[in-house]
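Trainee:
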Amino acid sequence: MTINQALGQIVKEKIDELNVTMNVFSKQSGLSPAGIYVIINGSSSPTLDTICLLAAAFNMTPGTLITNAQKRAQT
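With numbering that gives the first Met the number 0, the residue at position 61 of the sequence shown is 60, and numbering never jumps.
As structure tokens, then:
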């Protein structure tokens, strides 16, 4: 699994944990629904700005989000 695929899985899980629709999460995070879908599918290398927006929406640091994705990609 690539780190982008791992990040996509984490993003999907976190959105599910928040129990919100993609449109609601889009507004909360400041990212477009299409941009979020591309990340979830693992077909994008998100920018640092995007990672920061995601992390803020999940109430975690960007470093934690990246570290979690790295760990998942290695398993």
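Glycine included, every Cβ here is placed at the ideal spot set by N, Cα and C. Remember, predicted model here, so these are calculated numbers, not experimental data.
1. Skipping 5 residues on each side, what residues in its chain have a beta carbon closer than 6 Å to that of Met0?
2. Thinking Ser43 and Asn3 are a contact (beta carbons under 8 Å), I'd like their distance in whole angstroms, please.
3. Could you tell me how far apart the beta carbons of Lys26 and Phe57 are, in whole angstroms, since I believe they sit closer than 8 Å?
4. Do you know offhand how far Ala68's Cα is from Asn40's?
5. Tell me where the alpha helix (DSSP H) around Asn40 begins and ends.
Mentor: Looking at the atomic coordinates:
1. Residue mapping note: residue 0 aligns to position 1 of the sequence shown, counting from 1. Correct list, in chain order: Ala72.
2. Numbered from 1 along the sequence shown, position 44 holds the residue referred to as residue 43. Numbered from 1 along the sequence shown, position 4 holds the residue referred to as residue 3. For a cut-off of 8 Å, the C-beta gap from Ser43 to Asn3 is around 7 Å, short enough to register as a contact.
3. By 1-based counting over the sequence shown, the position of residue 26 is 27. By 1-based counting over the sequence shown, the position of residue 57 is 58. Actually they do not touch by this definition, with Cβ atoms about 15 Å apart.
4. Residue mapping note: residue 68 aligns to position 69 of the sequence shown, counting from 1. Residue mapping note: residue 40 aligns to position 41 of the sequence shown, counting from 1. Ala68 and Asn40 have their alpha carbons spaced roughly 14 Å apart.
5. Here the question's residue 40 lines up with position 41 in the sequence shown. Counting along the chain, Asn40 falls outside any alpha helix (DSSP H), and DSSP gives it neither H nor E.
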